[in-house]
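Plus 3 on top of the position in the sequence shown (first one is 1) and you've got my numbering.
Ideal Cβ placement from N, Cα and C applies to all residues, glycine included.
All of these numbers come straight from a predicted model, not from anything done at the bench.
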Amino acid sequence: NIKDKLAKKLPVIKFLWNYTKSEAATDLLAGITVGLMLIPQSIAYAALAGLNPQYGLYSSIAGGLVYAVLGTVKQVSIGPTALLALLTHQYAQENPSITALLSFISGAVCILFGFLNLGFIINFVSSPVISGYTSAAAVVIASSQIKGILGLKFSSKNFLTTFYQLYKNIDTIKYTDTILGITCIVALILIKEISRLKTFKHFKFLFYMSIGKNLIVVCVSTVLSYFLHTFGKTPFTLTGNITEGLPTISFPNFSPEYGNEKYSFLDILRTMGFGITTIILIVIISEIVVAKVFIKTERMDASQEIIALGMTNLLGSFIGAMPVSGSFSRSAVNSSCDVKTPLAGIYTAMLVLLALLFLTPYFYYIPRAALSAIIITAVVYMIEFEVILPMWKHNRKDIIPALGTFVSALCFGIEFGLICGLLIDMIFLMYYNTCLSINVEKYEKNQQDYLVFTPRNGILYPAANILQEKMFSEISKFQSNNNKILVLNLHHISHIDYTTMQTLKKMVVDFKVINYDLIIVNVNEDLNIKLGELSENIKINYFLESNENSFSIST
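Structural data, given as structure tokens:
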């Protein structure tokens, strides 16, 4: 009915039907808890993206409000992430106009993907590639923040040039920033690890300390910085001025200026190249992976999730937001707070709005070293050491795309790493389609000899010639004075393509020339029709059988 169809496209209607005061109170607690975690994170990720802190907060508003209306997974928290911040810095060149345009483009493409049900494309990005990519990105992000810890200022294009610049600027290290940064890192890791210990599980305050650890570090370091500033001392590199108030709503600029040059929309697309595709892939993959972790036994509407994500980015671009996606850490906090609906995102967004209205003057005093410490401790847990052993045990070949992605991303840039990983996956897929396993058996019955070929995987066009070569090779070894019949057992085959059909047609003709008959057995209904069409032109004996190895002769 119309009500159900509307609820499918606007899931908030379904959540509001039976929304109780108890659920609202739980969502309020979850929303505020996530908000206290999100505010310092969004400021830090804006710095990582090369933008002023307010843009990180703007991105958090869009993520909370739009997903609350269109999202289907109650635990998911949409907002800035470290990986997307890094990609934004790389492609937007610290330009807010280009950043908003990136959000607009990624949002529009996501919406298109959702309506056309193209989410299946993401399935072609394997888990090893994702693991290698996120691990490399974590290393790149962490290394890029070392300069913030050391109080240095320089720009670098990739992981290798970062360390070259560190070596080059080692004499200008600001030791006050270094001491503060290392102290913040130690404090953040200690709070996180202590809260994980089973001994302290029943201490509720440690749970809230773990959730609010970023806020604690930012508040303490900011108070220290402000106190020293009142005495005329500025020992730390500070965040600086932040625009007060709510974001202005405006259409993204499709001809942004950078430096003294004006770029057209096509110039932007041409300059970014594969970068736009990379951002869109990461936006969708991050969201789907996070949603799948928390949805558990329920069925996820992937298309609706992609549409919700697309609308979040599209509408976010009107307030200058950078590209956003699902955050695992914040979604985990939502889950631990027993969040009831995605409406918790509204409370999170309201908290961010209050911060923009009343707290921006104090953001000036946030030390950059503290923000760098937050980013480093967030991404260091993204390095997936734990997947290496399972890959080694289950299929050692999976290590190749993971390692190839990781190494190439570090050496040549993270977008090149993704391309490299996808290419390795494609090569493996083509190899598995070409590498046909064929079982060969011989039978004798009623003075007739049967040579039975049973392909164990698909015989799509890359493998068709291999099947032909294998059959002719076995025929050359087949010595018999009886009538000789070849049997092709298709018990494991559900589909064949046009090239394979043409190969079979040629094989039957070639077999007739050397006095061999071909019988095809154990054919499913779909193949039965296709092979029936083929048999109109050539004499081929075939029939349908249900058992893998049993067949009877029919002519």
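**Item:** Extent of the continuous alpha helix (DSSP H) run through Q450
**Value:** From DSSP, Q450 is part of no alpha helix (DSSP H); its letter is neither H nor E.
**Request:** Drop a sphere of 10 angstroms on the beta-carbon of F116, count the other beta-carbons inside from all chains shown, and report buried for 16 or more, exposed for fewer.
**Result:** buried
**Request:** Give a yes or no on whether the C-beta atoms belonging to G38 and L354 are separated by under 8 angstroms.
**Result:** yes
**Message:** Assuming contact is defined by CB atoms lying nearer than 8 angstroms, are L369 and T225 in contact in what I supplied?
**Reply:** Here residue 369 turns out to be Ile, not Leu, going by the sequence shown. Contact flag set, yes.
**Item:** Close-in-space but distant-in-sequence residues of the same chain around I245 (CB under 7 angstroms, 5 per side omitted)
**Value:** N55, P56, Q57, T363, F366 and Y367
**Prompt:** With distances taken between CB atoms, is the gap from M314 to V69 smaller than 8 angstroms?
**Reply:** yes
**Request:** Quick one: grab the DSSP three-state call for V342.
**Result:** coil
**Asked** Is DSSP giving T246 helix, strand or coil here?
**Response** coil
**Prompt:** So what does DSSP say about V526, is it helix, strand or coil?
**Reply:** coil
**Prompt:** Quick one: is N449 buried, meaning 16 or more other Cβ sit within 10 Å of its Cβ, or exposed?
**Reply:** exposed
**Request:** Could you check the C-alpha separation between L521 and F514 for me, to the nearest Å?
**Result:** 7 angstroms
**Request:** Give the DSSP bridge partners of K487, in chain order.
**Result:** D452
**Prompt:** Exposed or buried, what is E447 when buried is set at 16 or more other beta-carbons lying within 10 Å of its beta-carbon?
**Reply:** exposed
**Asked** What whole-angstrom Cβ distance do V383 and A145 have, given they're in contact under 8 angstroms?
**Response** 6 angstroms
**Prompt:** In whole angstroms, what separates the C-alpha of L9 from that of A311?
**Reply:** 14 angstroms
**Request:** Check E472 in the structure and name its three-state DSSP category.
**Result:** helix
**Message:** Quick check on S62: does DSSP put it in helix, strand or coil?
**Reply:** helix
**Asked** What whole-angstrom Cβ distance do G407 and I386 have, given they're in contact under 8 angstroms?
**Response** That belief does not hold up - the Cβ atoms of G407 and I386 are roughly 17 angstroms apart, past 8 angstroms.
**Message:** Short of 6 angstroms in beta carbon distance, which residues of its chain neighbour E551, apart from the five on each side in sequence? Order them along the chain.
**Reply:** Bear in mind that a pLDDT of 45 at E551, under 50, signals an unreliable position, so the model cannot answer this.
**Item:** Nearest residue (CA-CA) to I124, options I287, S339, V327 and A335
**Value:** I287
**Prompt:** Is the distance from the Cβ of F210 to the Cβ of S198 below 8 angstroms?
**Reply:** yes
**the segment 88-96 contacting the segment 334-354, beta-carbon criterion three pairs below 8 angstroms** = no
**Request:** Compare the C-alpha of C187 against each of V221, V112 and N120 and name the closest.
**Result:** V221
**Request:** Report, in whole angstroms, the separation of the C-beta atoms of V143 and L413, which I expect to be a contact under 8 angstroms.
**Result:** 7 angstroms
**Item:** I42 versus N172: straight-line alpha-carbon distance, rounded
**Value:** 32 angstroms
**Message:** Between which residues of its own chain and I298 is the CB-CB distance below 7 angstroms, once the five residues before and five after are set aside?
**Reply:** V76
**Message:** Quick check: the segment 25-36 against the segment 333-350, are at least 3 beta-carbon pairs closer than 8 angstroms?
**Reply:** yes
**Message:** Let me check understanding here. Comparing Cα to Cα, which of K216, A33, T281 and L491 lies closest to K2?
**Reply:** Residue coverage of the chain in this structure runs from 4 to 558, which leaves residue 2 outside it and unanswerable.
**Prompt:** Quick one: complete alpha helix (DSSP H) runs, 4+ long, within the segment 54-98?
**Reply:** 56-73 and 85-95
**Request:** Could you round the C-beta distance between S129 and I282 to whole angstroms and report it? I think they count as a contact, below 8 angstroms.
**Result:** About 19 angstroms; that fails the 8 angstroms criterion.
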